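If you read the sequence shown in the UniProt record's numbering, its first letter stands for residue 1, the second for the next number, and so on.
Beneath this line is the structure, given in structure tokens, with notes to follow.
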Amino acid sequence: MQLNDLRSAPGARREKHRPGRGIGSGLGKTGGRGHKGQTSRSGGSIAPGFEGGQQPLHRRLPKFGFVSLKAMDRAEIRTSELNKVEGVVTLQSLKDANLVGQHVQRVKVMLSGEVTRAVTLKGIAVTKGARAAIEAAGGKFED
């Protein structure tokens, strides 16, 4: 057997439909678009959410809440994620380990999961439960 003898299995490759290329194609003449009307024309699609001129749902419903600007530069991490960082845990070491984004300026450690080794946190906020878990594992805090 040679490479040039290899063939696809029968039915493995199907020709794509070419609308508007004759009666025998199954999509001749109107090409599956029907007769007349907006959707039969080129570019004749309506915008998502358009409801035929009536007030669309996203404008009928009331607005609520706001976007906190504080949330943009702050992040939370779990105590279990501290095991992935080597040495002293600082904001930069968390960024290097891809645990927080590069835009983050403040981090807080939450109690979730186990701390398997002693870690030293420097300049990072910690909840009461997380502080107790880290200290129980032999960890330290530096400010």
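In this text, a Cβ means the ideal position worked out from N, Cα and C, and glycines have one as well.
None of the values given here were measured: they were computed from a predicted structure.
Around the beta carbon of residue 44, fewer than 16 other beta carbons lie within 10 angstroms, which makes this residue exposed. The Cβ neighbour count for residue 139, taken over all protein chains shown within 10 Å, is at least 16; the residue is labelled buried. Straight through space, the alpha carbons of residue 80 and residue 112 are spaced by roughly 6 Å.
When DSSP states are grouped into helix, strand and coil, residue 124 belongs to the coil group. Membership of residue 95 in the alpha helix (DSSP H) is indicated by the continuous run 91-96. Per the DSSP secondary-structure output, residue 75 pairs in a beta bridge with 107.
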